[in-house]
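Q: Pasting in a structure now, in structure tokens, and then I'll have a few things to ask.
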Amino acid sequence: MTKQLHLAAHFPGVNNTTVWSDPESRSQIDFASFRHLAETAERGTFDFFFLAEGLRLREVKGRIHDLDVVGRPESLTVLSALAAVTTHLGLAATVNSTFNEPYELAKRLATLDHLSGGRAAWNVVTSWDAFTGENFRRGGYLDKSDRYVRAQEALRVVRKLWESWDEELVLDQGGGVFAREGAGAFADEGDHFSIQGRFGLPRSPQGHPVVIQAGDSDQGRDFAAEGADVIFSRHGSFEAGQAFYKDVKARLPQYGRSEDSLKIMPAVTVVVADNDAEAADKAQHIREQQVSGPTAIVLAELLWGRDLSSYDPDGPLPAEGPVVGSGVTQGRVGYNDPAPIIAEWRAQAEEHGWSLRQTVINQQNRQTFVGSASTVASAMNRHVQEDAADGFVLVPHLTPGGLDDFVDQVVPLLRDRGVLRSEYTGTTLRHHLGLDR
Ligand SMILES: Cc1cc2nc3c(=O)[nH]c(=O)nc-3n(C[C@H](O)[C@H](O)[C@H](O)COP(=O)(O)O)c2cc1C
């Protein structure tokens, strides 16, 4: 059976794919920017709009990472404002489970679900290290292995709260509304939370806002297989995508779940132009804007875990090996096993005669789909039909116009091929994702 593509729009923001120097680049925090991207995604009948979360400004050798200084507003607040100017588009907020309480999480997400008529989603992240959590912590820090335990418990409790209002609301004789006894009552006793009381909101339109997961470890994958509706993955290439897809879908039966109850949507980048050759030139130009000499050094420092400031970005790759967990760069996803990646970088640099900067540009910032609209539509469709993904989270390089070309040129072709809806057929995000059956 032909699969339908699921598309989501990632707001560019604090991302190393974002190009700031382009004259078309606009504010990261003006509502007009969020609105433009959301309206474009809705015009393209995307499933949802996605906001990531940053808990702390990232640092490189004690200095604030340049991409962070433009700021990042709070996701649920932005999405509530977008709910008022969109009608069908799903609204997904990344909110960590390490530093938030289930009651607040359940209430904020259920509120967005009510305000938007059933379009809310929660991307549950655990955050990666003590540095990112320092703004929040009240003392001891939760170990990495315990963070998924807490996430699992938080998700279970949040779901209990969402379900706590199954009682009917009834009118009393004076015309007021009251709930039958029991409404909103909950109690939960676990390792991380021990709470009881009444939840403050009746059941929201989706009942359960959509749950997204974005961690990559074994523990993270199991967490997703047990409880998520969507995985936002980093495996956008065809081969890596197929391997990830197979791995995660094979984990579902042990939780009594069917294959299509969990949608896999990797982050991808797209460059489209009039023909393939022009698109390749454009892609190269974008990569060069994304990776200046200093940025190449920072990205290499993240991989090597070393101070590489004495190296020339236009010279050869550093001769020494990596150090894991050195803390040279703080607040970013590091590499658990950098050695094989560095070995691959060395092999490619040698084969093509690349400098360090050219290696970063070609190895790390290579866009996923590059070509004419027809080439891009075919490649995306192949990824989905051949189970490298169920859809994609598109990460544009420009705020806020980065999806304009895609929606104008590629979306009509996907519709012609019958793999993307031309109109929304339902009102909730669960419906768009095919998860309401
Ligand atoms: C594709 C992807 C996107 C992520 N986005 C965020 C984010 O926006 N905010 C955040 O705090 N953590 C984010 N994370 C981090 C994860 O929540 C998690 O803490 C981290 O990946 C470590 O877990 P793991 O070992 O299972 O990968 C992201 C992870 C991945 C793989």
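The opening position of the sequence shown corresponds to residue 144 in my numbering, with each subsequent residue numbered one higher.
No residue lacks a Cβ here, since even glycine has one placed at the ideal position from N, Cα and C.
#1: At a cut-off of 8 angstroms, is Thr472 close to ligand 2 when judged by its beta-carbon and the heavy atoms of the ligand?
#2: Just verifying my parser: in three-state terms, what is the DSSP assignment at Gly233?
#3: Are the Cβ atoms of Lys204 and Ser565 separated by less than 9 angstroms?
#4: So Phe191 packs on Leu234, CB below 8 angstroms; how close in whole Å?
#5: Among Leu255, Thr220, Thr229, Asp289, whose alpha-carbon lies nearest the alpha-carbon of Thr241?
#6: Pull the bridge partners of Ser376 from the DSSP assignment, please.
#7: Taking only three categories from DSSP, how would you classify Ile172?
#8: With a CB to CB cut of under 7 angstroms and the five nearest residues on each side skipped, what residues in its chain are close to Ser294?
#9: With DSSP as the reference, label Gly436 as helix, strand or coil.
#10: If contacts are defined as beta-carbon pairs under 8 angstroms, then Tyr106 and Asp548 qualify, I think. What distance do you get, rounded to the angstrom?
#11: Three or more C-beta pairs closer than 8 angstroms, one from the segment 399-406 and one from the segment 299-311: is that the case here?
#12: Decide if Glu185 is buried, meaning its Cβ has at least 16 other Cβ atoms within 10 Å, or exposed.
#13: Do the CB positions of Ala357 and Phe381 come within less than 9 angstroms of each other?
#14: Which of the three DSSP states, helix, strand or coil, is assigned to Thr472?
#15: Using a Cβ distance threshold of 8 angstroms, determine whether the segment 535-548 contacts the segment 466-475, with at least three qualifying pairs required.
#16: What do you reckon, are the CB atoms on Thr542 and Pro155 nearer than 9 angstroms?
#17: Under the criterion of a Cβ to heavy atom distance below 8 angstroms, does Gln362 qualify as lining ligand 1?
#18: State the start and end residues of the unbroken alpha helix (DSSP H) segment that holds Gly363.
#19: From the DSSP secondary-structure annotation, give me the bridge partner or partners of Asp331.
#20: When the Cα atoms are used, what is the spatial distance from Gln433 to Glu494?
#21: Give me the residue from Ala264, Lys250, Leu200 with the minimum Cα distance to Ala226.
#22: So which of Leu248, Ser515, Ala386 has the shortest CA-CA distance to Arg364?
#23: Can you give the Cα-Cα distance for Glu217 and Gly496, rounded to whole angstroms?
#24: Going along the chain, which unbroken runs of the alpha helix (DSSP H) with 4 or more residues stay wholly within the segment 213-263?
#25: Identify every residue that forms a DSSP beta bridge with Val415.
#26: Just confirm the distance between the C-beta atoms of Phe193 and Ala151, as a whole number of angstroms; I'd bet it's less than 8 angstroms.
#27: At a cut-off of 8 angstroms, would you count Glu196 as near ligand 1, judging by its Cβ distance to the nearest heavy atom?
#28: Pull up the distance between the alpha-carbon of Arg558 and that of Leu285, whole angstroms please.
#29: Who are the near neighbours of Arg449 in its chain, counting only those whose CB is closer than 8 angstroms to its CB and skipping five residues on each side?
#30: Buried or exposed for Asp455, please, with buried defined as at least 16 other CB atoms from any protein chain shown within 10 angstroms of its CB.
#31: Leu219: which of Gly197, Leu255, Glu247 sits nearest, CA to CA?
#32: Could you tell me the distance, in whole angstroms, from the CA atom of Pro245 to the CA atom of Ala297?
#33: Between the beta-carbon of Leu180 and the beta-carbon of Leu442, is there less than 9 angstroms?
#34: Please go through the same chain and pick out, in chain order, the residues whose beta-carbon is closer than 8 angstroms to the beta-carbon of Pro481, but skip the five residues on each side of it.
#35: Is the beta carbon of Gln506 closer than 9 angstroms to that of Gln491?
#36: Relative to the C-alpha of Ile429, which residue among Phe329, Gln528, Thr161, Glu277 is closest?
A: Straight from the coordinates:
#1: For the structure depicted, ligand 2 is absent and the ligand set comprises only ligand 1.
#2: Position 90 of the sequence shown holds residue 233. Reduced to three states, the DSSP call for Gly233 is strand.
#3: The count along the sequence shown starts at 1 and reaches residue 204 at position 61. The count along the sequence shown starts at 1 and reaches residue 565 at position 422. No. Outside cutoff.
#4: Residue numbering aside, residue 191 sits at position 48 when the sequence shown is read from its first letter. Residue numbering aside, residue 234 sits at position 91 when the sequence shown is read from its first letter. Confirmed, Cβ separation roughly 7 angstroms.
#5: Taking the sequence shown and counting its residues from 1, the one referred to as residue 241 is at position 98. Of the listed residues, the one whose Cα sits closest to Thr241 is Asp289.
#6: As a first step, residue 376 is located in the sequence shown; it is residue number 233 there, counting from the start. The partner list for Ser376 (beta bridge, DSSP) reads Pro409.
#7: Within the sequence shown, numbered from 1, the residue matching residue 172 stands at position 29. Three-state DSSP puts Ile172 in coil, outside helix and strand.
#8: Taking the sequence shown and counting its residues from 1, one reaches residue 294 at position 151. In the sequence on display, residue 294 carries Ala and not Ser. Closer than 7 angstroms at the Cβ level, and outside the excluded window around Ala294, lie Ser240, Val267, Thr269, Phe366.
#9: For the purposes of this step, residue 436 is identified with residue 293 of the sequence shown, where counting begins at 1. If DSSP states are grouped into helix, strand and coil, Gly436 belongs with the helices.
#10: The displayed coordinates of the chain run from 144 to 580. Any statement about residue 106 would go beyond what the structure contains.
#11: no
#12: Counting from 1 along the sequence shown, the entry for residue 185 is found at position 42. So Glu185 counts as buried.
#13: Position 214 of the sequence shown holds residue 357. Position 238 of the sequence shown holds residue 381. Not closer than 9 angstroms, so no.
#14: Taking the sequence shown and counting its residues from 1, the one referred to as residue 472 is at position 329. Note: Thr472 maps to strand in three-state DSSP.
#15: They do not touch, by the three-pair rule.
#16: Locating residue 542 in the sequence shown gives position 399, counting from the first residue. Locating residue 155 in the sequence shown gives position 12, counting from the first residue. Yes. Within cutoff.
#17: Along the sequence shown, read from residue 1 onward, the residue named residue 362 stands at position 219. Because some heavy atom of ligand 1 lies under 8 angstroms away, the Cβ of Gln362 counts as near it: yes.
#18: In the sequence shown, the residue the question calls residue 363 occupies position 220. Where Gly363 is concerned, the enclosing alpha helix (DSSP H) stretches over 361-370.
#19: Counting from one through the sequence shown, the residue named residue 331 turns up at place 188. Answer is Ile338, bridged to Asp331.
#20: Along the sequence shown, read from residue 1 onward, the residue named residue 433 stands at position 290. Along the sequence shown, read from residue 1 onward, the residue named residue 494 stands at position 351. So the two alpha carbons sit approximately 23 angstroms from each other.
#21: As a first step, residue 226 must be located in the sequence shown, where it is residue number 83. Ala226 has its Cα closest to that of Ala264, out of Ala264, Lys250, Leu200.
#22: Residue mapping note: residue 364 aligns to position 221 of the sequence shown, counting from 1. Selected option, being the one with the closest Cα: Ala386.
#23: Position 74 of the sequence shown holds residue 217. Position 353 of the sequence shown holds residue 496. Straight-line Cα distance between these residues: approximately 44 angstroms.
#24: 218-226, 245-259
#25: Translated into the one-based positions of the sequence shown, residue 415 becomes position 272. According to DSSP, which records beta bridges pairwise, Val415 is partnered with Gly514.
#26: Residue mapping note: residue 193 aligns to position 50 of the sequence shown, counting from 1. Residue mapping note: residue 151 aligns to position 8 of the sequence shown, counting from 1. Right, the Cβ-Cβ distance comes to about 5 angstroms (below 8 angstroms), so this counts as a contact.
#27: Mapped onto the sequence shown, residue 196 falls at position 53. Glu196: yes, Cβ under 8 angstroms from ligand 1.
#28: In the sequence shown, residue 558 corresponds to position 415, counting from 1. In the sequence shown, residue 285 corresponds to position 142, counting from 1. So the two alpha carbons sit approximately 47 angstroms from each other.
#29: Taking the sequence shown and counting its residues from 1, one reaches residue 449 at position 306. Closer than 8 angstroms at the Cβ level, and outside the excluded window around Arg449, lie Pro461, Glu463, Pro465, Val466, Ser469, Val471.
#30: Working through the sequence shown from its first residue, we reach residue 455 at position 312. Classification of Asp455: exposed, given that the 10 Å Cβ count is below 16.
#31: As a first step, residue 219 must be located in the sequence shown, where it is residue number 76. Answer by Cα proximity: Leu255.
#32: Within the sequence shown, the letter at position 102 stands for residue 245. Within the sequence shown, the letter at position 154 stands for residue 297. The straight-line gap from Cα to Cα measures roughly 5 angstroms.
#33: On the sequence shown, position 37 is the one that residue 180 refers to. On the sequence shown, position 299 is the one that residue 442 refers to. Their beta carbons are not under 9 angstroms apart, which means Leu180 does not touch Leu442 by this criterion.
#34: As a working note, residue 481 is residue 338 in the sequence shown. Hits under 8 angstroms: Leu446, Trp447, Gly448, Pro465, Val467.
#35: As a working note, residue 491 is residue 348 in the sequence shown. As a working note, residue 506 is residue 363 in the sequence shown. In contact: Gln491 and Gln506 (Cβ atoms closer than 9 angstroms).
#36: The residue you call residue 429 lines up with position 286 of the sequence shown. The option with the nearest alpha carbon to Ile429 is Thr161.
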